[in-house]
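**Q** Chains as they are written, first to last, in our numbering: chain C, 1184 to 1419; chain E, 1184 to 1419. First the structure, which I've put down as structure tokens, then a few questions once you've had a look.
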């Protein structure tokens, strides 16, 4: 009997669907009935995570835990948060429920370690960067973190907020090639897309080569945790 | 205050994500928080709908109503079923809950009528075709239905089951152009993609021109029913 996955979503809504699709495509199944039972809460009342961490914006924890409890009440056995920045609040969410909550940065770190990566570039929101959401997971896996220069980090934020969330800037107007070059110039062997909006943009731009999609790493771990077989041997 | 949408999903899982993405992209929103709250139940225990209608397979109604009630308990104000064939069981689902359940064939019929269509080709599962799921909605809207020839209908089933659900046949191996030609030869002005797996295949194949995506018609109606503004004036 496979377990039921619960997705604490809405951060953003498109990233929620992206995780769900990755879980579906990574599940070995020949019919609808062989797929994993999933419950999703696209909770758009969850306040902006970066604003809470950096600018004293409204605390996301009450809505995060409300979604977590709602999903467990509806039958979820394992929870997932398709938002890297939200992992700053991971302990609060994990404490609120009695079921396991998968940890996206740790799953990404495991995939990097398995691939023998020693230095990884991290592309994420200002909130994730400044709060050090990826620091602990990568350092524990023996991997050195590299971040973009301040100017390039501002472009990463523009890609996330204007390019994907708001769809107010064409993706092509953001110098994504320069961002990657900056990290590779610093010695990054691989680049982690550590914001769930980024793989959406990178896939559209055809720039996934050499990048680890943290959403896909989480999806891969979720399929295995649910007790299903994966369609690929690793999340790369 | 916008209403919460509840998605009775898993029929198939990819079609569930497709509906959710269409709702998200049709919602006018500049931030995560301006999107519609959605709950989804990717209930993979729902038995095959076509098998139930045509071959006495297990009845999908108990699992459909279980999902409907689960979503309403979790807070859904309006329910959606991203599976055209499942609309054969629409009355049973609608009776099981006290909230409105949107009706995909009726939404598709409304979009065809608004576009002045008098003769529409319908591409659907054998279950949807034989049970006449689209008949009533289109006839009430004053639209004549045209179905593919038996040989072409067999190819539609292969596209749905092997091409999309099972991913065991490459989409290019199915003569989709011939299917469309058959309907247009019979006088179809537009073609309704009346199985939620079909828009996924047609979009990949670049064949959406002249086709109404019933999933998109449902998404469009859902955004309006939830109280949000749409990003497009109609579902075409």
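Don't be surprised by glycine CBs; every beta carbon is placed ideally from N, CA and C. Every value quoted in this text rests on a predicted model; they were computed, and no experiment measured them.
What distance in whole Å lies between the Cβ atoms of residue 1401 (chain E) and residue 1265 (chain E), which are believed to be in contact at a cut-off of 8 angstroms?
**A** As a working mapping, residue 1265 (chain E) is identified with position 82 in the second chain. As a working mapping, residue 1401 (chain E) is identified with position 218 in the second chain. Residue 1401 (chain E) and residue 1265 (chain E) do touch by the CB rule: their CB atoms are close to 7 angstroms apart, below 8 angstroms.
**Q** Would residue 1404 (chain E) and residue 1217 (chain E) qualify as a contact pair, given that the criterion is a beta-carbon distance under 9 angstroms?
**A** Position 221 of the second chain, counted from the first residue, corresponds to residue 1404 (chain E). Position 34 of the second chain, counted from the first residue, corresponds to residue 1217 (chain E). Judged by beta-carbon spacing, residue 1217 (chain E) lies beyond the 9 angstroms limit of residue 1404 (chain E), meaning their Cβ atoms are not closer than that value.
**Q** In whole angstroms, what separates the C-alpha of residue 1377 (chain E) from that of residue 1398 (chain E)?
**A** Position 194 of the second chain holds residue 1377 (chain E). Position 215 of the second chain holds residue 1398 (chain E). Between the C-alpha atoms of residue 1377 (chain E) and residue 1398 (chain E) there is a straight-line separation of about 8 angstroms.
**Q** Can you find a C-beta in chain C that's less than 9 angstroms from the C-beta of residue 1270 (chain E)?
**A** Taking the first residue of the second chain as position 1, residue 1270 (chain E) is located at position 87. With 9 angstroms as the cut-off, residue 1270 (chain E) does not count as an interface residue toward chain C.
**Q** In the DSSP assignment, find the unbroken alpha helix (DSSP H) run with residue 1200 (chain E) in it and report its ends.
**A** The residue labelled residue 1200 (chain E) in the question sits at position 17 within the second chain. 1196-1209 is the span of the alpha helix (DSSP H), which, as asked, contains residue 1200 (chain E).
**Q** Just to confirm my understanding: we take residue 1221 (chain C), look at its own chain, exclude 5 residues before and 5 after, and list those with CB closer than 8 angstroms. What are they?
**A** The residue given as residue 1221 (chain C) occupies position 38 in the first chain. Excluding positions up to five away in sequence, the list reads 1187, 1188, 1189, 1190, 1203 and 1206.
**Q** Where does residue 1211 (chain C) land, buried or exposed, given buried means 16+ other C-beta within 10 angstroms?
**A** If you number the first chain from 1, residue 1211 (chain C) lands on position 28. When all chains shown are included, residue 1211 (chain C) counts as exposed.
**Q** Only counting the same chain, and skipping five residues up and downstream in sequence, which positions put a Cβ closer than 8 angstroms to that of residue 1235 (chain C)?
**A** Counted from its first residue, the first chain places residue 1235 (chain C) at position 52. For residue 1235 (chain C), where only same-chain residues beyond five positions count, the Cβ hits under 8 angstroms are 1241, 1242, 1243 and 1310.
**Q** Rounded to the nearest angstrom, what separates residue 1316 (chain E) and residue 1334 (chain E) at their Cα positions?
**A** The residue given as residue 1316 (chain E) occupies position 133 in the second chain. The residue given as residue 1334 (chain E) occupies position 151 in the second chain. Looking at the two C-alpha atoms, the distance is approximately 21 angstroms.
**Q** DSSP beta-bridge partners for residue 1327 (chain C)?
**A** Start at 1 with the first residue of the first chain, and residue 1327 (chain C) comes out as number 144. The partner list for residue 1327 (chain C) (beta bridge, DSSP) reads C:1302.
**Q** Buried or exposed for residue 1301 (chain C), please, with buried defined as at least 16 other CB atoms from any protein chain shown within 10 angstroms of its CB.
**A** Counted from its first residue, the first chain places residue 1301 (chain C) at position 118. It counts as exposed.
**Q** When the cut-off is 9 angstroms and only beta carbons count, does residue 1303 (chain E) lie next to chain C?
**A** Along the second chain, one-based indexing puts residue 1303 (chain E) at 120. Not closer than 9 angstroms to any Cβ of chain C, the Cβ of residue 1303 (chain E) fails to qualify, so no.
**Q** Can you round the beta-carbon distance between residue 1304 (chain C) and residue 1374 (chain C) to whole angstroms, since I take them to be within the 8 angstroms contact cut?
**A** If you number the first chain from 1, residue 1304 (chain C) lands on position 121. If you number the first chain from 1, residue 1374 (chain C) lands on position 191. Going by Cβ atoms, the distance from residue 1304 (chain C) to residue 1374 (chain C) rounds to 4 angstroms, so yes, they are a contact pair.
**Q** Tell me which same chain residues have a C-beta within less than 6 angstroms of the C-beta of residue 1342 (chain C), skipping the five on either side of it?
**A** By 1-based counting over the first chain, the position of residue 1342 (chain C) is 159. Cβ neighbours of residue 1342 (chain C) beyond the five flanking positions: 1357 and 1384.
**Q** With distance defined between alpha-carbon atoms, name the residue in E:1208, E:1238, E:1194 and E:1233 nearest to residue 1219 (chain C).
**A** If you number the first chain from 1, residue 1219 (chain C) lands on position 36. Of all alpha-carbon atoms in E:1208, E:1238, E:1194 and E:1233, the one lying nearest the alpha-carbon of residue 1219 (chain C) is that of E:1194.
**Q** Mind listing, in chain order, the continuous beta strand (DSSP E) runs of no fewer than 3 residues lying wholly within the segment 1240-1323 of chain C?
**A** 1261-1263 and 1302-1306
**Q** Helix, strand or coil: how does DSSP classify residue 1335 (chain E) here?
**A** For the purposes of this step, residue 1335 (chain E) is taken as residue 152 along the second chain, with counting starting at 1. The answer is helix: DSSP assigns residue 1335 (chain E) an H, G or I state.
**Q** Which residue marks the beginning of the alpha helix (DSSP H) containing residue 1362 (chain E), and which one marks its end?
**A** Counting from one through the second chain, the residue named residue 1362 (chain E) turns up at place 179. Per DSSP, residue 1362 (chain E) belongs to the alpha helix (DSSP H) from 1359-1368.
**Q** Is it right to say residue 1407 (chain E) is buried, meaning 16 or more other beta carbons lie within 10 angstroms of its own, or is it exposed?
**A** Translated into the one-based positions of the second chain, residue 1407 (chain E) becomes position 224. Exposed: under 16 other Cβ atoms inside 10 Å.
**Q** Taking residue 1249 (chain C) as the reference, which of C:1283, C:1352, C:1192 and C:1237 has the closest Cα?
**A** As a working note, residue 1249 (chain C) is residue 66 in the first chain. When only C-alpha atoms are compared, the closest one is C:1192.
**Q** Do residue 1227 (chain C) and residue 1268 (chain C) have their C-beta atoms closer together than 9 angstroms?
**A** Position 44 of the first chain, counted from the start, is the residue given in the question as residue 1227 (chain C). Position 85 of the first chain, counted from the start, is the residue given in the question as residue 1268 (chain C). No, the pair does not count as a contact, with Cβ atoms beyond the cut-off.
**Q** Let me see if you follow: with CB-CB separation under 9 angstroms, is residue 1207 (chain E) close to chain C or not?
**A** Counting from one through the second chain, the residue named residue 1207 (chain E) turns up at place 24. Residue 1207 (chain E) counts as touching chain C.
**Q** Along chain E, in chain order, which residues have C-beta atoms closer than 7 angstroms to that of residue 1348 (chain C)?
**A** In the first chain, residue 1348 (chain C) corresponds to position 165, counting from 1. Near residue 1348 (chain C) (Cβ distances below 7 angstroms), the residues of chain E are 1214 and 1215.
**Q** So, for residue 1312 (chain E): in the same chain, excluding its five sequence neighbours on each side, which residues have a beta-carbon less than 8 angstroms away from its beta-carbon?
**A** Residue mapping note: residue 1312 (chain E) aligns to position 129 of the second chain, counting from 1. The residues are 1305, 1330 and 1336.
**Q** Could you give the first and the last residue of the continuous alpha helix (DSSP H) run that contains residue 1406 (chain E)?
**A** By 1-based counting over the second chain, the position of residue 1406 (chain E) is 223. Residue 1406 (chain E) -> alpha helix (DSSP H) spans 1397-1409.
**Q** Quick check on residue 1230 (chain C) - is its C-beta less than 9 angstroms from some C-beta in chain E?
**A** Sequence index remark: in the first chain, residue 1230 (chain C) carries index 47 (1-based). Yes, residue 1230 (chain C) counts as interfacial toward chain E.
**Q** For residue 1327 (chain C) versus residue 1197 (chain C), is the C-beta spacing smaller than 9 angstroms?
**A** For the purposes of this step, residue 1327 (chain C) is taken as the residue at position 144 of the first chain. For the purposes of this step, residue 1197 (chain C) is taken as the residue at position 14 of the first chain. Contact: no.
**Q** Please report the straight-line C-alpha distance between residue 1410 (chain C) and residue 1258 (chain E), rounded to a whole angstrom.
**A** The sequence position of residue 1410 (chain C) within the first chain is 227, counting from 1. The sequence position of residue 1258 (chain E) within the second chain is 75, counting from 1. Answer to the nearest angstrom: the Cα atoms are 29 angstroms apart.
**Q** With 16 other CB atoms within 10 Å as the buried threshold, where does residue 1323 (chain E) fall?
**A** Numbered from its first residue, the second chain carries residue 1323 (chain E) at position 140. With fewer than 16 other Cβ atoms within 10 Å, it is exposed.
**Q** Classify residue 1417 (chain C) as buried or exposed, calling it buried when 16 or more other Cβ atoms lie within 10 Å of its own Cβ.
**A** If you number the first chain from 1, residue 1417 (chain C) lands on position 234. So residue 1417 (chain C) ends up on the exposed side.
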